[in-house]
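Residue numbers (numbering that gives the first Met the number 0): 0 to 394. Don't be surprised by glycine CBs; every beta carbon is placed ideally from N, CA and C. Treat the numbers as computed from the prediction; the structure is a model and nothing was measured.
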Amino acid sequence: MPERTDELQRSLAALSGKGLRRERVIARHDSTGGSKRLRVDGRDFVAFCDNDYLGLAGDPRLAIAFREASARTVGSGASHLITGHGPEHAALEAELAAWLGRERALLLSTGYMANLAAQCALASRGKLLLADRLNHASLIDGARLSGARLRRYRHLDGAHAATLADADRAPLRLIASDGLFSMDGDIAPVAELATLANRHDAWLLIDDAHGLGVVGDAGRGTLEAAGCETAARSLVLVGTLGKAFGCFGAFIAGEAAMIEWLVQSARTYIYTTALPEAVAAAARAALKLIIDEPWRRERLQALTARFRRRALAAGLPLSASTTAIQPLIIGSAARAVAASAALRERGYWVSAIRPPTVPAGSARLRITFAATHRETDIDGLVDALAESFAEPTNV
């Protein structure tokens, strides 16, 4: 075996020894029967691990929109700036901008690409970029690639962010934060960050991938919930279409000049093939349902509250999150994996989240809910968790 391959094998073995090696499974999702089901290796599980918060991924109306658009063409065939930008793309951008009250929106293929696009196009060397310490990996990578001076403030600590901005010699160019944090289920102090950005005449980037469609009375995310949708003078709002929308893709929304600058300069937008129009058509159908069917958010909130009531009564170690993301912090990676396996034995699929996705010593079960879960699913999960946590070999 070549030395370079042997080195990789040793590294893989080291990951396995620490309980940090991830394994893929071939999973078939099904939410058409009034619940969230997952079939793996011929066995059915109740799934509490994906980001399809509103249960739209399996909605037949999205499939119809996708099928009708794909009958005309499947692939877009080119980048947006060549000939890949079609009518469905344009319509979706306009509808997203109108829904969010922004001047323009720009479609990209993934949230990762959107965060790289925004930060690399708007921040630059010699400028200061402030970021929450627990930001998503795409925000961290985008900040580093921008070349700006990166300073990371304590999680959710707007006062610490202000201290760093005031103390640094470099002018503050951009503040970046998740809106709803995907691993902890907590929400950024968006109003406080908006005030800080305005004071320094800086951009405020909120990646609301997990908040849009879910948080706020109309589902417009963490800014709506905080009552500060117009607070930031220079807002860069990033959203994804693969979570509450049940589709695929991402977008950036904001003022027209900023969006046009991204069109002209964002490398992850310019140098890639446009996502298929059929995906955009399905996302348009999803947006209509997000607007027309607020019961989905109401049910999601009710199911989350039910879980928290029963879990607290069972003595489970809940975090302070009141959102559809409910982490149960366990600590060691090996114990989190064991707890996940114990749940699978009882028919529930809950992923163990380990470093480097979360900080060392904070491995966890990440439980997520969907509007299509049943009350009996919630109750059964709590019972299974209580049994699993009672087994010392698991946690």
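*Which of the three DSSP states, helix, strand or coil, is assigned to T4?*
Numbered from 1 along the sequence shown, position 5 holds the residue referred to as residue 4. Residue state, collapsed to three classes: helix.
*Which residues mark the beginning and the end of the alpha helix (DSSP H) in which G157 is found?*
Against the sequence shown, residue 157 aligns to sequence position 158. Run containing G157: G157 to A166, per the alpha helix (DSSP H) assignment.
*Beta-carbon proximity check, S176 vs A187, cutoff 8 Å*: As a position in the sequence shown, residue 176 is number 177, starting the count at 1. As a position in the sequence shown, residue 187 is number 188, starting the count at 1. In contact: S176 and A187 (Cβ atoms closer than 8 Å).
*Spell out the partners DSSP gives A175 in its beta bridges.*
To locate residue 175, count along the sequence shown from 1; it is residue 176. DSSP lists A130 and L204 as partners of A175.
_Candidates R38, S331 and E94, of which the one nearest A362 by Cα_ = Stepping through the sequence shown from its first residue, residue 362 is reached at position 363. The residue with the shortest Cα to Cα distance from A362 is S331.
*asked:* Please state the DSSP three-state secondary structure of G218.
replied: As a first step, residue 218 is located in the sequence shown; it is residue number 219 there, counting from the start. DSSP places G218 in coil when its eight states are reduced to three.
*For A225, collect the residues of the same chain with a Cβ closer than 6 Å to its Cβ; drop the 5 residues on either side in sequence, then sort them by chain order.*
Position 226 of the sequence shown, counted from the first residue, corresponds to residue 225. Excluding positions up to five away in sequence, the list reads V189 and A190.
*asked:* Let me make sure I understand the geometry here. Which of A323, I258, A46 and A117 has the alpha-carbon closest to that of I205?
replied: Counted from its first residue, the sequence shown places residue 205 at position 206. If we check each option's Cα against that of I205, A117 comes out closest.
_Please tell me whether L364 and A385 are closer than 8 Å, where the distance is taken between their beta carbons._
Here residue 364 refers to the residue found at position 365 when the sequence shown is read from its first residue. Here residue 385 refers to the residue found at position 386 when the sequence shown is read from its first residue. Not a contact, by the Cβ cut-off of 8 Å.
*Taking just the CA atoms, how far does F250 sit from M112?*
Counting from one through the sequence shown, the residue named residue 112 turns up at place 113. Counting from one through the sequence shown, the residue named residue 250 turns up at place 251. C-alpha separation (whole angstroms): 9 Å.
_Terminal residues of the alpha helix (DSSP H) in which P316 lies_ = Indexing the sequence shown from 1 puts residue 316 at position 317. No alpha helix (DSSP H) contains P316, which DSSP labels as neither H nor E.
*May I ask which residues mark the beginning and end of the beta strand (DSSP E) holding G253?*
Reading the sequence shown from its first residue, position 254 is the one you call residue 253. Here the beta strand (DSSP E) through G253 covers A249 to G253.
*So R42 is in the alpha helix (DSSP H); what residue range does that whole segment cover?*
As a working note, residue 42 is residue 43 in the sequence shown. Where R42 is concerned, there is no enclosing alpha helix (DSSP H), although the beta strand (DSSP E) it sits in stretches over R42 to A46.
_For the pair the segment 276–296 and the segment 304–320, tell me if three or more CB-CB distances fall below 8 Å._
no
*Under a three-way DSSP split, which group does H28 fall into?*
Taking the first residue of the sequence shown as 1, we reach residue 28 at position 29. In the structure shown, H28 sits in a strand (DSSP, three-state: E or B).
*Would you decide whether P326 is buried or exposed? Buried here means 16 or more other CB atoms lie within 10 Å of its CB.*
Start at 1 with the first residue of the sequence shown, and residue 326 comes out as number 327. P326 should be labelled buried.
*Alpha-carbon spacing of G178 relative to Q8, whole angstroms*: Working through the sequence shown from its first residue, we reach residue 178 at position 179. Working through the sequence shown from its first residue, we reach residue 8 at position 9. The straight-line gap from Cα to Cα measures roughly 38 Å.
*What are the residues that DSSP puts in a beta bridge with V39?*
Here residue 39 refers to the residue found at position 40 of the sequence shown. The partner list for V39 (beta bridge, DSSP) reads A26 and R42.
*So V235 packs on L203, CB below 8 Å; how close in whole Å?*
For this step, residue 235 is matched to residue 236 along the sequence shown. For this step, residue 203 is matched to residue 204 along the sequence shown. Their Cβ separation, rounded to whole angstroms, is 7 Å, which keeps V235 and L203 in contact under 8 Å.
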